[in-house]
Every structure is written in C-alpha cells, then in structure tokens.
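Here is the structure we will look at.
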Amino acid sequence: MASRAQPLGAIHWTGAVLAALVALAVLGPLGAVMLRASWPPTLGPADWAAIRFTLLQAALSALVSVTLAIPVARALARRDFAGRRVLVTLMGAPFLLPVIVAVLGLLAVFGRAGWANDLLAALGAARVDVYGLQGIVLAHVFLNLPLAVRLILQGWQAVPSERIRLATSLGFSTADMRRQFERPILRAVLPGAALLIFLICTTSFAVALILGGGPSSTTVELAIYQAFRFDFDLGRAALLGLVQVAICLGAGALAFGAIRGHEVGAGLDRPALPWPGDTRVARALDAAAILAATGFLLLPLAAVLLKGLPALTGLPPVVWEAALRSIILALASTALAVALALPIALLVTRLRRPGLVEGLAFLTIAVSPLVIGTGLFLLIRSVTNPIPLALPVTGMVNALVALPFLLRALVPAAMEAEATQGRLAEALGMRGLARLRHAILPRLRRPLGFGAGLAAAFSMGDLGVIALFSTPGQGTLPLEMYRLMGSYRTDDAQGAAVLLMALTLALFWAFDRGGRLDAVTR
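So the sequence shown is numbered by the working numbering: it starts at 317 and just counts up by one.
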C-alpha cells in the first residue's frame, strides 16, 4: 500500500512508544523472576509432578475438545435450521463467561450432589468424582469446545459453494466428500486448534484452583500460587514461573507455526449448499451431535441461574462491594487496553512488515499472567509495599491479557480503512487527528467495540493476579465468590455467580452494541 511508505506521524510514533512499553511491561517482570529464581535451578519431586500433570491435563483437554468438536462443526456446516445463528452465538457463551462461574455450573450438574450424579444414583450406578484430573479436563472441554467448534467450522465454511455444486454434479458419495474435502480441511485446521487449546489450558489457574489442588493434581500455575501465597517461597515461585514460561513459549511457538489457512479454491461467495452423499443416518447423527453439545454447554449455565437467582437478593454487602470494585477495575482495564491497542494497530498499517503485532500478541500470550504478577510483585516489593497496589497491578495485567484480542480485531480493520479511506484523506489534505477522526475511526467502531467488550469480560472474570497478594478489602467479585465457595456458603456463591454472569455479559453487550451504532460525524 502506498500509505505504508509515508513517514510516521505523531499517532504512529505514539504507537511505537506504547509497543515498547508493552514489551517492557512483560519482559521486565520476567527478568525480575529470572533474577529471583534459584541458580542452578533445582526442581523437587513435587515440581516435576506438577509439570507432568500440567502437560497431561492440557494434552487431554486439547485432544478431547477437538475430537468432540469435529462432529458438531460438521453438523453446523451441513445443516441449516431455524435458530442456527442463535445457537452458534449461545455456544460461544462459555468463552465470555468467567471461569469460576463455568466451574460452579459444572459442579451443579456433574458434582457430587449434581444433576448427573443424582441421575446415576437413581439408576443404581456409582457417583462420579468431578475433582482431580477428570474434573479439570471436563472443565477445560466445557470452556474450549466452543472455540474448537468455531475454528473447525471456519474450515468447513471456507469451501466455496461452487465446489460443492461440482461435487454434486459428479455424484460424490459420503466417502468421496470425506476424502476430497473433510480430511484436507481437518489436516489443516486441527493441529492449530489443538495446540491453541493446549496453550490455553497450560495457563489455566481458576480451574485447577477449584477442581484440583491435591498432590496428584497440581498444575505449575497452582504450584506458583501455593509457593507464593502459602509458603512465601519467592525463589521457588520464580523458578516455577520460568518453567511455566518455557512451557508456554514451546506451546505458543508450535501453535503459531501450525495455525494456517487451507486453500480450497476461490468462489463467488454464494450461499452454502447441502453436501452430496447425505443420508438419513447422517442427518440423525448431525442432530444428535448438535443436541448433545447444546445440552453439555447450556445445562451448567441453566443450573447456575436456577440455583442463584433465588439467592441474589440476599447477598451480603461484601459481595456488592466486590461487584462495584470489579466493574471499576474492568472499565479501567478496558480503557488501558484500548489506549494501547489503537495506536499500535494504526502503527502496523504503516509498517512494511506487520510482525510487530504478531510478536506482541505472542509475547503477552506466552508469558502467563501469574508470572507477570509475580514479577511485578518482586519489582514493587524492592521499592514499596505491593499490597495496596494489588488492584492497579491486576488492572494492568488484565489489559495486557486482552491486548492480543484487541489487536486481532483492530489491525485488519485499520488496514482496510487505510486502503479505502487513507488515500482519499490524503487527497483532501486531512492530517493528524482530523484524518483519524473522520476517515479512520468510523471504520474501527465495530471491532473496537467488540474488542473492548472482550477486554471488559476478561477483566470481570479474572481470578489470577488478584488472588496472589490481595487483602480482604481488595477482593474482586470472582475472588469473593471463591471465598464463599471455600467457606461452604453455597447459596451465596450461586447468587454471586448469577451477579457476575449478568455483569460480565452486560459489559460485553454495552461495548459491543456501542461499536455497532452508526457513527455520526459533523
């Protein structure tokens, strides 16, 4: 693009400075962790057990998630029915909801006194223990199955309708469709999807905190928390943090290299057609896959609503105070994430090699938030007491976590805006803020609103850094909910879950809806 060859303006220099600050905000705490870690590194038997368990649960979670997602994605790609779009949207709800709410819903269905175990007991079967490895894998599948479905579904939907029409005219059977279409799609999509979910599961903290915790089911993230919070062994916490970074960098590098598109030929963007070789058995299997996935994903959320709504009005004041604290923290974190992402995205449009955004996204994903929090604690502790700064530190880390998602949404839209409106703006002599306001920002409203909604939802549900060094007066709503669960105040925890769910979805809707409103410039 011609616009990329132009010199950088003030906004783009601002993006360069912010990108450097983001790198420093990640690498600085990482450096503090490296300096604090014991050298030469010595890992005990419990540490090696945590590493093995982390890799095992992440591998199983990724394998089960993508395996179950294949028939669901195939069914959604091949079937058109009333409410399909709504169903696809609802299936993505676990990705937005706070992890602790999802885990509470799973306990209501699959826990010792859950619906599923009550049904097994009524049938004379033994109850299933949801804690330990099986519970962690179950929770990770619940949280990541929608993501796997969406990634695989994109591969199916990328097949042009013209190719389907040609296959129909050639009389392709079900076996032919699988050989010529489905298998190449799965070979292209599955490795990236599985590795991405593996990476997510290696840094999962709340799931292991609630459903694991025993000697045989402790992840590296949980071991860092225990060494930091209970033993205050900063050297061991730092060493485990480096181990976690190594795991994430390895998985992230594999995922980054494996996620690639699959060329299936060009088309004319016509509506999708039914696949040839369709049979009554195939239709029945597709319906069963959709119904099973819908029940698995929506029943836990329904259980939270049914059990939590009656307790909502009787919540103690500390929960409402934590809710207000979470809202303020989420808004501040979202504002910071947007302030970082927008100039960086505009900078990328002027670069010949937009590897900056990919490098920043990889860096902020590969380094665990818990590791960044540990490093920030070490840095702040050398200057002042870090406890009063728990909420600002949490907000900053939450912004860094949301940054890759904002950049992923903003960069393509910013490049398109520069390509379609940038040249016209230059011809009209528009520069600086006027050019940004009238030519670029109106085209970024939707991705900006969507990305801000994701950032707010992630911050509302965070139960990571805040759990490291917060005091009772600084607790956010997820942390207060966890404390209620730990003190066996189940009714209050269910009510807090409903409140957290409602606030999270409301914030996401408000930002996303705001981005969809028509821009009015005068």
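Just so it is clear, CB atoms sit at the ideal spot from N, CA and C, and this is done for glycine as well. Fair warning: this is a prediction, and the values are worked out from it, not measured in the lab.
**Study point:** Backbone CA spacing between residue 691 and residue 719 [nearest angstrom]
**Key:** The residue you call residue 691 lines up with position 375 of the sequence shown. The residue you call residue 719 lines up with position 403 of the sequence shown. Near 19 angstroms, if we compare the C-alpha coordinates of residue 719 and residue 691.
**Study point:** residue 696 versus residue 703: straight-line alpha-carbon distance, rounded
**Key:** In the sequence shown, the residue the question calls residue 696 occupies position 380. In the sequence shown, the residue the question calls residue 703 occupies position 387. Using only the alpha carbons, I get a separation of about 9 angstroms.
Point to revise | residue 710 - containing alpha helix (DSSP H), residue span | key: Along the sequence shown, one-based indexing puts residue 710 at 394. 706-733 is the span of the alpha helix (DSSP H), which, as asked, contains residue 710.
Review point. Could you give the distance in angstroms between the alpha-carbon of residue 414 and the alpha-carbon of residue 797?
Key: Here residue 414 is taken as the residue at index 98 of the sequence shown, counted from 1. Here residue 797 is taken as the residue at index 481 of the sequence shown, counted from 1. Going by C-alpha positions, residue 414 is about 11 angstroms away from residue 797.
Practice item. Please state if the CB of residue 600 and the CB of residue 388 are separated by a distance shorter than 8 angstroms. Key: The sequence position of residue 388 within the sequence shown is 72, counting from 1. The sequence position of residue 600 within the sequence shown is 284, counting from 1. Residue 388 places its beta carbon 8 angstroms or farther from that of residue 600.
**Study point:** Cut-off 7 angstroms between Cβ atoms - residues of its own chain near residue 330, not counting five sequence neighbours on either side
**Key:** Taking the first residue of the sequence shown as position 1, residue 330 is located at position 14. So the qualifying residues of the chain are 659.
Check your understanding: In this structure, does DSSP put residue 360 in helix, strand or coil?
Key -> Within the sequence shown, residue 360 is the residue found at index 44, counting from 1. Residue 360 falls in the coil class under three-state DSSP.
**Study point:** Residue from 614, 518 and 642 whose Cα sits closest to the Cα of residue 402
**Key:** Taking the sequence shown and counting its residues from 1, one reaches residue 402 at position 86. Taking only the C-alpha atoms, the option nearest residue 402 is 614.
Review point. Looking only at C-alpha atoms, which of 602, 716, 821 and 461 sits nearest to residue 643?
Key: Within the sequence shown, numbered from 1, the residue matching residue 643 stands at position 327. Closest option to residue 643, Cα to Cα, is 821.
**Study point:** Backbone secondary structure at residue 352 - three-state DSSP
**Key:** As a working note, residue 352 is residue 36 in the sequence shown. DSSP places residue 352 in helix when its eight states are reduced to three.
Exercise for review: Determine the direct distance from the alpha carbon of residue 515 to that of residue 502, and round the result to whole angstroms.
Suggested key: The count along the sequence shown starts at 1 and reaches residue 502 at position 186. The count along the sequence shown starts at 1 and reaches residue 515 at position 199. Residue 502 and residue 515: Cα-Cα distance of roughly 19 angstroms.
Check your understanding: In three-state terms, what does DSSP make of residue 500?
Key -> Here the question's residue 500 lines up with position 184 in the sequence shown. If DSSP states are grouped into helix, strand and coil, residue 500 belongs with the helices.
Check your understanding: Can we say the region 615-625 touches the region 682-689, given the rule of at least three CB pairs closer than 8 angstroms?
Key -> Result no; under three Cβ-Cβ pairs closer than 8 angstroms.
Check your understanding: With C-beta atoms as the reference, is residue 794 less than 8 angstroms away from residue 416?
Key -> Indexing the sequence shown from 1 puts residue 794 at position 478. Indexing the sequence shown from 1 puts residue 416 at position 100. Going by C-beta atoms, residue 794 is nearer than 8 angstroms to residue 416.
Check your understanding: Can you give the beta carbon distance from residue 362 to residue 461, rounded, assuming they're within the 8 angstroms contact cut?
Key -> Residue 362 sits at position 46 when you count from the first residue of the sequence shown. Residue 461 sits at position 145 when you count from the first residue of the sequence shown. Incorrect: roughly 31 angstroms between the Cβ atoms, too far for contact.
Practice item. Evaluate contact between the region 521-528 and the region 548-556, counting only Cβ atoms and requiring at least three cross-stretch pairs below 8 angstroms. Key: Under the three-pair Cβ rule at 8 angstroms, the region 521-528 does not count as touching the region 548-556.
Review point. Could you give the distance in angstroms between the alpha-carbon of residue 405 and the alpha-carbon of residue 448?
Key: Residue 405 sits at position 89 when you count from the first residue of the sequence shown. Residue 448 sits at position 132 when you count from the first residue of the sequence shown. Separation of residue 405 and residue 448 (C-alpha to C-alpha, rounded to the nearest whole angstrom) is 31 angstroms.
**Study point:** Own chain residues within Cβ distance below 8 angstroms of residue 648, not counting five before or after
**Key:** The residue given as residue 648 occupies position 332 in the sequence shown. Excluding sequence neighbours, residue 648 sits near 711.
Exercise for review: Report all residues from its chain with a CB closer than 7 angstroms to the CB of residue 557; omit the five preceding and five following residues, and keep chain order.
Suggested key: Locating residue 557 in the sequence shown gives position 241, counting from the first residue. Within its own chain, the residues whose Cβ lies closer than 7 angstroms to the Cβ of residue 557, once the five positions on either side in sequence are excluded, are 349, 540, 687 and 690, listed in chain order.
Check your understanding: When DSSP labels each residue in this structure, what does residue 758 get in the three-state scheme?
Key -> Start at 1 with the first residue of the sequence shown, and residue 758 comes out as number 442. Taken through DSSP and simplified to helix, strand or coil, residue 758 comes out as helix.
Check your understanding: Should residue 520 go down as buried or exposed, given a rule of 16 or more other Cβ atoms within 10 Å for buried?
Key -> Along the sequence shown, read from residue 1 onward, the residue named residue 520 stands at position 204. Flag for residue 520 reads buried.
Check your understanding: Of the residues 602, 458, 680 and 438, which one's Cα is nearest the Cα of residue 561?
Key -> Counted from its first residue, the sequence shown places residue 561 at position 245. If we check each option's Cα against that of residue 561, 680 comes out closest.
Review point. Which residues in the same chain as residue 825 place their Cβ atom closer than 8 angstroms to its Cβ, once the five residues preceding and following it in sequence are excluded?
Key: Translated into positions along the sequence shown, residue 825 becomes position 509. Within the same chain, residue 825 has close Cβ partners 769.
Check your understanding: Among residues of its own chain, excluding the 5 on either side of residue 606, which ones have a beta-carbon nearer than 6 angstroms to its beta-carbon?
Key -> Mapped onto the sequence shown, residue 606 falls at position 290. Once the five neighbours on either side are set aside, the close Cβ partners of residue 606 are 391.
**Study point:** Where residue 497 falls, given that 16 or more other Cβ within 10 Å makes a residue buried
**Key:** Locating residue 497 in the sequence shown gives position 181, counting from the first residue. So residue 497 ends up on the buried side.
Check your understanding: In chain order, which continuous runs of the alpha helix (DSSP H) of length 4 or greater are located wholly inside the region 511-541?
Key -> The qualifying runs are 522-527.
Exercise for review: Measure the Cβ-Cβ separation of residue 772 and residue 623 and say whether it is below 8 angstroms.
Suggested key: Reading the sequence shown from its first residue, position 456 is the one you call residue 772. Reading the sequence shown from its first residue, position 307 is the one you call residue 623. No.
Check your understanding: By Cβ distance below 6 angstroms, which residues in the same chain neighbour residue 506 in space, the five residues on each side in sequence not counted?
Key -> Translated into the one-based positions of the sequence shown, residue 506 becomes position 190. Around residue 506: 382.
Exercise for review: Report the three-state DSSP secondary structure of residue 398 (helix, strand or coil).
Suggested key: Here the question's residue 398 lines up with position 82 in the sequence shown. Three-state result, residue 398: coil.
Practice item. Would you decide whether residue 641 is buried or exposed? Buried here means 16 or more other CB atoms lie within 10 Å of its CB. Key: For the purposes of this step, residue 641 is taken as residue 325 along the sequence shown, with counting starting at 1. Buried.
Review point. Should the region 808-823 be regarded as contacting the region 626-634, the criterion being three or more beta carbon pairs within less than 8 angstroms?
Key: With a cut-off of 8 angstroms, the region 626-634 and the region 808-823 count as touching, because enough Cβ pairs lie within range.
Check your understanding: Cα separation between residue 419 and residue 676?
Key -> By 1-based counting over the sequence shown, the position of residue 419 is 103. By 1-based counting over the sequence shown, the position of residue 676 is 360. Distance between the alpha carbons of residue 419 and residue 676: 30 angstroms.
Review point. Can you tell me the Cα-Cα spacing of residue 706 and residue 782, whole angstroms?
Key: Taking the first residue of the sequence shown as 1, we reach residue 706 at position 390. Taking the first residue of the sequence shown as 1, we reach residue 782 at position 466. Spanning the alpha carbons of residue 706 and residue 782 requires a straight line of approximately 6 angstroms.
Review point. Could you give the C-beta distance for residue 657 and residue 726, rounded to a whole number, given that I count them as a contact under 8 angstroms?
Key: Counting from one through the sequence shown, the residue named residue 657 turns up at place 341. Counting from one through the sequence shown, the residue named residue 726 turns up at place 410. Between residue 726 and residue 657 the Cβ distance is about 6 angstroms, and since that is below 8 angstroms, they are a contact.
Point to revise | Nearest-angstrom Cα separation, counted from residue 800 out to residue 806 | key: Counting from 1 along the sequence shown, the entry for residue 806 is found at position 490. Counting from 1 along the sequence shown, the entry for residue 800 is found at position 484. Rounded to the nearest angstrom, the two C-alpha atoms are 7 angstroms apart.
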